[in-house]
Structure formats: C-alpha cells, structure tokens
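Step one of this worksheet: look at the structure below.
Chains as they are written, first to last, in UniProt numbering: chain A, 1 to 479; chain B, 1 to 479.
Structure, rendered in structure tokens:
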C-alpha cells in the first residue's frame, strides 16, 4: 500500500534495544498482578533506568519547592515556603520572558542561568575560566551530544565518519551515532582491572577503524555508565587520553553527567577541562573538547524535567558559528529543566533557611548510594558465577554473569541474547527489571546485567535477596 | 587550527533567521534602557513569538495549579487548591513511574495520557476513532514533525527528497527540512483572496520541483502561521487537498497546532483526519496522514513546558514499526509538558470546582484574541501602504507593507532585506519587536511583518499606536 518504499538506511540502523522486550513483559506482569494473578512477588522492582525516583528515592525538597513556586507564583504569598525558596523563585521568574515559565526562552538557554552555569564550572574547576558564550542548554545532555555529532559527522563524502565509543557504553549514544549515518567504533574497557581505559586499546580500535571509516572523535563517559575506568577515571589516565586525542587529531566528547555521583573513598571527580587546562600549552590551547552535564543525574535526578548543557572548549570560531546556529534555530529547552540545572549547580548556601534540609537530603542520598554500591558488590561477588567490580561512581552496578553453556544454548533456542534470557527469567521469576549487557556492548562471549543502585535502601535489600535466590536456582537449573 | 574542515552541507544549510539581528538589538536596547538611556518608549513590546505569556496574558490557573501540585505533592495536603485539582494531580502522579514527575516515562508518552489523547481526538472528530498506538508524545510538535520527516526523507539515493511547504510558512519547518538534506518546495498562498490555498498552485509547485528532486510530502499548517487559507481552511479546500495528495501519492503532514485558536464568526476548525474519514473509501483507507498538536498553542500557551504529539493515520505497518523505533529509543518528552497536553485536552468539566474560573479565563482569552484581531486589521488597513487580511484563526497578523522604492534602496545599502530593515526601524524608533516576512517566505517583491496578537488588550492598543505613528513617519521619510 505504502509509497514509502525507501526509508533511509540511517533510520533503518536504529534498532530497538533488547531491553524493549523486557519492558513490554513488565507491563504485562503488572497488569496480571492487578488482575490478581499470584506471583512470588507483589510488584516488579524496576532498576532498569538511572532515575532515582523510579525506585523509592524522594526528590530534593528545595528543588521542587522553587519549581512549584515558579509554576504557580501565588505560592510565594504564603509563608509555607522558606524565604530563600521564594526569593529564588522570584529572581528566576524575573529572568523568564513575561515572567512566566510558559514563555519560550532564548534558544541557547535563559541568559542569567547560562551565566551562572559558567560561574559554577569555574568554581568546580578551581578557577579555570568558563565563558557563557561557550555553553548551550538543551533538553537533556543527549540532545546536546547529538547536535555536536551533527557538526562532527560528514555525510557528503564517500567514506563514513567514525566515533570511538567505550564498550560497554550507554546505548542512546550508539543509536545517535548510527542515526546520523556514522559508525560507532568500540574500544573495550578492561573489566578485570576495574573497567580501566587503556590507551593501547584506543590505538587498536582507531587503527582497525581506519580501514572502513574516517574516525574524528573519541567519546568518553566518566564516571561511567554502565561502567567506567574504576567507575571514576584517574587524572593520569585522563592525561593519556588527552595526549592521544591531540596526537590523533580527534575531537574529545566528555560525557560527565555523573560528576555528582562519586562515592569511592579514594575517588574524586575531576573534569576533562580542568585536566586539560593544567597540562598547559600547546595541549590546553588546541585540544577540542565538549563536556556534557545534566539535571537528570546526580542527586538532583530530575530526569523527567529534561535539562542538560554542553560546554565547548578550543573550538574554531567558524565551527562555533555553525554550532551556535544549530542550537539557536530550534525551540528552547524546557524552562523547568533549565531551572533544575540552575538549582543543581547553585544549591542553598549554609546560611540560608533551606540549607539544613537540603544538606540532610543530599547526605542521605550519598550514604544510600555508597552503602548500596558496597552491599551490591558484596552480595553479587558472593554468588557463584557472578563477578562485580567495585562501584565508586555513577549510578550502576554492571556485574558479569558467567552463564552456563546450557543456559546459553537455551537462550539461542528462544531467539534471545544470553543475557537478555537471564534478565527475562530474573523478571519473570523474581520480579526484578534490569538491563542486559548486550544493549551496552561487551566483549564477545561475556555477559552482564545492569542494575541502578540509586534506590531506596530497603528496595536494594529486597532486590539483592530476590536476585540471589533466583540466581542460585537458575544456576542449578542449567548446570 | 581546527581539523573540522568538513562540516556537512546539511548543517551548512541551516542559516540564522533575519530575525536574529532584531533579537540581538532588542537585548542591547533593553540594556540601554536599564542604564538610563532616554528613548521614546519605556520598554520593548515583544510580539515576535506566538507565546501568550510573553506580552501580558496570564497562564490558566487550573493548569498551573495541577502542575504545581504534581511537582510538590505536599500542596495536596492543603485545601487552598480546589478538590478537582488535587484529585487530578493525584491521578496523574499515579501514572508517573515512582509517582514522580522526575522519573523517565515510557518514551512514547505516559500510557494513560496517550489513551486520553486518543479519546480527546475521537470526541473532537465526532466519533472518528483514534487509537493510542498511533499517537506519540514529543517535546513539542516540531520535534515530532522532524522525526516523521526523518522517515520520509531518503538520503541514500542520488536525488534529493522534496517536501511541499506553504509560503509563507513557519521558519522552523523549513529549517528542519533543510537540516535533513531535503528540499523545501514552496507553494504560494493567495494573499489577495485571504491567503487561500489553490490546488493549481500545488500542481505548479509539484511539477516544477520534479525537475530537481523527488517530492514525497505536502505540509499544511491550518489554522495558519503566519497566515493561512483565510487563516482557517474550508472543508471543500481540504477535500481538494486530500484528492491532490492521493492522486500524486504524497504523504500529508497536517500541522494543526492552532486548532484551539479560531475566532472568525464563520470559521470553525475541522481536522484533516475528520474530513478524510468523511470522504469514505478508497481515500479514507489510503491517504497517509500525520497530524500534529501542541500544548504551546491555543489558550493553554505553555510553550516553555515543551509538549506536543503526532497522530498517524493509514500508515503501512512496516513504516509504523520504524516510526515506533524512532520515537521510543531516545529519552521521553518533558513530563510536565505531557501533563500540560493532558490538561489542555481534558479541561475541567462544568460540575467541577475549577470550571467557573477556567471558563472565565478561556473566555477572556478568546475575546481578547477576537478583539485584537479585528482591531489590528482595522488600524493596519487604515494606514497608507499597509494591507492586512482578516485574522480568523491562529495567533498572528501578517500584514503586507508596500515599501517605497527609496526604503528598499536604503535597505540594500545596509545589507538588510527590505522588511528586516522596516522591522529594525520599527524596533529602534517605536520599541516594537516583530518578525520580518522574509523569514517565512513570500512572493518576490512583496514584504510583510508578523505580529502576535494573543497579547494583553492594553499592550495591543499601545502597539498599534506606536506602529501607526512610526509608519506614517517612515513613509514620509522615504517617499
């Protein structure tokens, strides 16, 4: 019937994740539970995504109070909201066109917020200067990344553009690259050494890719999702990466959305921009860098509001002009997402009335994350056939599962990837929704599952108990 | 310095609008005013965009109350909010993952909201059925349109894909088409007959385009932006369009975001889907249609929240599968934008406590829009060198300005398009920020300006007074 015979190969390259079958089955299971079907669990524990509110953590009161007051300014007439909340909301509304969060803003973002983001970055990086004209706010960091990729990917010539990405890597990045007609080039992180990044592996991946595409950029996510170099990369490793991209003339895409989530005793987040600046010229003047951040991650965790930004460093002014056009000819980012970014990067100060509660809530999340990370590793590593690297940053555990050959065989018979098969059984029998490693990229013959650990402590305990019981039964069934 | 020599021609095709110089100058003028520079106006009247809150109209209280309660559920414990608001917020939160608007939702949209959207469409179209599986929520209708364009535009073959668009047309649509490497093919609306659409003109545009591209779709915006067929298209004209796309095997893109903004005495919005259904088979079973709507437009006017949707009709299941993948592999639309869509299409019912105020606020906007439209036409048509078609729908007046040859000459000397030159003088001397017709496409040798008329009545009067004074002086200066 259709005359749409010819869908672009770029579109055809975008495939559903294996996870989508799990999400679909979860909806069915929930419907069955509603209809009274008896199962060994009362509801599904959903740790598939990295959003803290999904599994029991509460939003930060300060953030929600300011946002509610911006939406419904009549709330500012009541003294039920702390004075600093009302003051903050008033000031934010004055930055909105027509004093309403319902108006379009400048498409690069509300200028006052962009200015404050640059001040936050300067503070964070110990004085390395940041300039508002290099910052663009977007509906989430992934959106900004896709825009920068549009600039990097050339579709005119005969050879395809390549982008080096870690394996494992967040799936949306891979899909963005494919959707633009470019080629993702996986470089494998070394799991046995805590998911470290090794320059020799970057070198190998780059050389092998040169045979079939034109590699122009290196994408790194630090702290990692689903895993990363010891989850938080060391400064010396970052310096190696910077020298590598400089020598190979690659653009550096630094996804730093988990910068607020670092919990290892010896781990500390340092931005690529800071490390680059400290390496001095010529590197600090020449390496082209885009750094991404988001209100969806860290302890703010406002994924549903959609707000992120990119900061650009050392770009050619001609390229910046095209980037500016790309970011300023569409619609603006959601205004409440922009405000959430501002609140995340400018939390209440110690002398302000909202500070004590804010501090307490953030501390609670921090403790939860650290304890959950430790607990998850302990329990998972105690199970036969599981191996989990320490979680010192980010929001996920990404343990390896050594699946018995009979399980792999059964998976093949059912047309599933082996780890999807495992995740499907885990969902069906234990009511735990996770993501399979195959959606992130992994070494041939290895299998993983991803679990979000920024969840309520009690849910974490439940989850681990269910998982442990299930796993022991699974291993018995297939050994 | 840069190794980014080769930016794709698609990206290079995206150009800044002429308007951007006006926006930049507005920021400077506002800064000058803040610093005490004396001007013949105290602030700039900004009627450049179609967002009601920009120029003095207030958001709907019901919408803002529900949104605030969803963000900060503690508000539901107070009886300051009407019972139906609290009930509505509670129900919405139960549809959110983890009962938080901060969680990701299903990427196609919150299922309960998608279901209610389909019920709204069915009601609106007098019973023509709508199915939730054909609806996708997105961060604004333009985003959904770009996704559908990705499916329509083929970049693999040697010949470019063409999309017929009205001239004048909303600039973001043109830029989306260019950004995907396709060709916008303008068909001119007949200004003298109230911006009517004529099938002979579609025919002409299509035939001339076949020489250099492969036309696959027809884009129509009804009610129009900046102008449209008598601003609201007649059913007979829509039937002609449907027969045309069927005969020429074109996909029909119906941008219906202004469906809530119809104010002419004899005008009524009817959707393309309804007209198509009433034409019966074979047309009603075969014409492929995408219809777009948005929470940014109409009397809800929540542009800053970013929520829109597309409904697809008669698509090949294989194509639908690709569309589904495209809409479900990224991040979800902003949750508050999704909720705004739900509230727009399910306003309070007459027996509910919020109804009286809601009804009063909407009526106020409706009256304001109708009166502003009439008033604008009256005043503009009374000025020498102005001609304005009646405004019976949409949110804009798009008068033609007959610029004197000396003004056109002067514009050329300053490197500006003639209507940009006019708008710049209007801004500089009268403090009115409008958009020039050249950003929308217009017949060679004609010049227009676009003014948003969904603004406070007093601001409208001020605007027209300033504009009239300025225009008389401008014409004297250049005649």
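The C-beta atom is built at its ideal place from N, Cα and C for all residues, glycine as well. Being a predicted model, the structure only gives us computed values, none of them experimental.
Contact set between residue i and chain A, taken where Cβ atoms lie within less than 9 Å
{"i": "residue 10 of chain B", "result": "150, 155 and 156"}
{"i": "residue 15 of chain B", "result": "325 and 329"}
{"i": "residue 87 of chain B", "result": "Those within 9 Å of residue 87 of chain B in chain A number zero; the least Cβ separation is about 17 Å."}
Three-state secondary structure (DSSP) of residue i
{"i": "residue 327 of chain A", "result": "helix"}
{"i": "residue 436 of chain A", "result": "strand"}
{"i": "residue 361 of chain B", "result": "helix"}
{"i": "residue 534 of chain A", "result": "For chain A, the structure presents residues 1 to 479; residue 534 of chain A sits outside this window and is missing."}
{"i": "residue 38 of chain A", "result": "coil"}
{"i": "residue 2 of chain A", "result": "Residue confidence is low: residue 2 of chain A scores 47 on pLDDT, short of 50, so the model does not pin down where it sits. No coordinate-derived value is stated."}
{"i": "residue 287 of chain B", "result": "coil"}
{"i": "residue 29 of chain B", "result": "helix"}
{"i": "residue 151 of chain A", "result": "helix"}
{"i": "residue 396 of chain B", "result": "strand"}
{"i": "residue 254 of chain A", "result": "strand"}
{"i": "residue 382 of chain A", "result": "helix"}
{"i": "residue 481 of chain B", "result": "Given that chain B is displayed from residue 1 to residue 479, the structure contains no residue 481 of chain B and the question cannot be resolved."}
{"i": "residue 262 of chain A", "result": "strand"}
{"i": "residue 346 of chain B", "result": "coil"}
{"i": "residue 471 of chain A", "result": "helix"}
{"i": "residue 48 of chain A", "result": "coil"}
{"i": "residue 414 of chain B", "result": "coil"}
{"i": "residue 339 of chain B", "result": "helix"}
{"i": "residue 14 of chain B", "result": "coil"}
{"i": "residue 196 of chain A", "result": "strand"}
{"i": "residue 401 of chain A", "result": "strand"}
{"i": "residue 236 of chain B", "result": "helix"}
{"i": "residue 170 of chain A", "result": "coil"}
{"i": "residue 118 of chain A", "result": "helix"}
Partners in chain B for residue i, counting only beta-carbon separations shorter than 7 Å
{"i": "residue 65 of chain A", "result": "72"}
{"i": "residue 68 of chain A", "result": "68, 71, 72 and 75"}
{"i": "residue 310 of chain A", "result": "Ordered by position in chain B, no residue passes the 7 Å Cβ test against residue 310 of chain A, which lies about 15 Å from the chain."}
Neighbour list for residue i in chain A, Cβ cutoff strictly below 7 Å
{"i": "residue 103 of chain B", "result": "51, 53, 54, 303 and 304"}
{"i": "residue 177 of chain B", "result": "Those do not exist, as residue 177 of chain B stays about 12 Å from chain A at its closest Cβ, beyond 7 Å."}
{"i": "residue 293 of chain B", "result": "None at all; the shortest Cβ gap to chain A is about 15 Å."}
{"i": "residue 522 of chain B", "result": "Not covered by the structure: residue 522 of chain B. The range shown for chain B is 1 to 479."}
Strand pairing of residue i, partner residues [DSSP]
{"i": "residue 249 of chain B", "result": "Partner(s): none; residue 249 of chain B has no beta bridge."}
{"i": "residue 184 of chain B", "result": "B:163"}
{"i": "residue 308 of chain A", "result": "A:138 and A:294"}
{"i": "residue 455 of chain B", "result": "Residue 455 of chain B pairs with nothing; no bridge assigned."}
{"i": "residue 313 of chain A", "result": "A:289"}
{"i": "residue 125 of chain B", "result": "Beta-bridge pairing links residue 125 of chain B to no other residue."}
{"i": "residue 53 of chain B", "result": "Beta-bridge pairing links residue 53 of chain B to no other residue."}
{"i": "residue 88 of chain A", "result": "Answer by DSSP bridge pairing: none, since residue 88 of chain A is not bridged."}
Where residue i falls, given that 16 or more other Cβ within 10 Å makes a residue buried
{"i": "residue 150 of chain A", "result": "buried"}
{"i": "residue 409 of chain B", "result": "exposed"}
{"i": "residue 444 of chain B", "result": "exposed"}
{"i": "residue 83 of chain A", "result": "exposed"}
{"i": "residue 134 of chain A", "result": "buried"}
{"i": "residue 1 of chain B", "result": "Residue confidence for residue 1 of chain B is low, a pLDDT of 35 falling below 50, so the modelled location carries little weight; the figure read from the coordinates is stated next. The residue in question, residue 1 of chain B, is exposed, as its Cβ has fewer than 16 Cβ neighbours within 10 Å."}
{"i": "residue 142 of chain B", "result": "buried"}
{"i": "residue 431 of chain A", "result": "buried"}
{"i": "residue 59 of chain A", "result": "buried"}
{"i": "residue 307 of chain A", "result": "buried"}
{"i": "residue 64 of chain A", "result": "buried"}
Neighbouring residues, chain A, relative to residue i (Cβ below 8 Å)
{"i": "residue 59 of chain B", "result": "100 and 102"}
{"i": "residue 172 of chain B", "result": "329, 330 and 331"}
{"i": "residue 7 of chain B", "result": "151, 154, 319 and 322"}
Closer than 9 Å at the beta carbon, the chain B residues around residue i
{"i": "residue 471 of chain A", "result": "Within chain B, no residue comes near residue 471 of chain A; the closest Cβ sits about 25 Å away, beyond 9 Å."}
Residue i: CB within 7 Å of a non-hydrogen atom of the ligand FMN
{"i": "residue 337 of chain A", "result": "Only the bare structure without any ligand can be found here, which leaves the ligand FMN out of the picture."}
Compile a chain-ordered list of the residues in the segment 133 to 149 of chain B whose CB is closer than 7 Å to at least one CB of chain A. 139, 140 and 142
Interface positions of the segment 331 to 364 of chain A facing chain B (Cβ-Cβ less than 8 Å), listed along the chain: 331, 332, 333, 334, 335, 336 and 337
In the segment 439 to 468 of chain B, which residues sit with their C-beta less than 7 Å from some C-beta in chain A, listed in chain order? none
Beta carbons nearer than 8 Å to chain B: which residues of the segment 210 to 221 of chain A have them? Interface annotation for the segment 210 to 221 of chain A against chain B: 216, criterion Cβ-Cβ distance under 8 Å.
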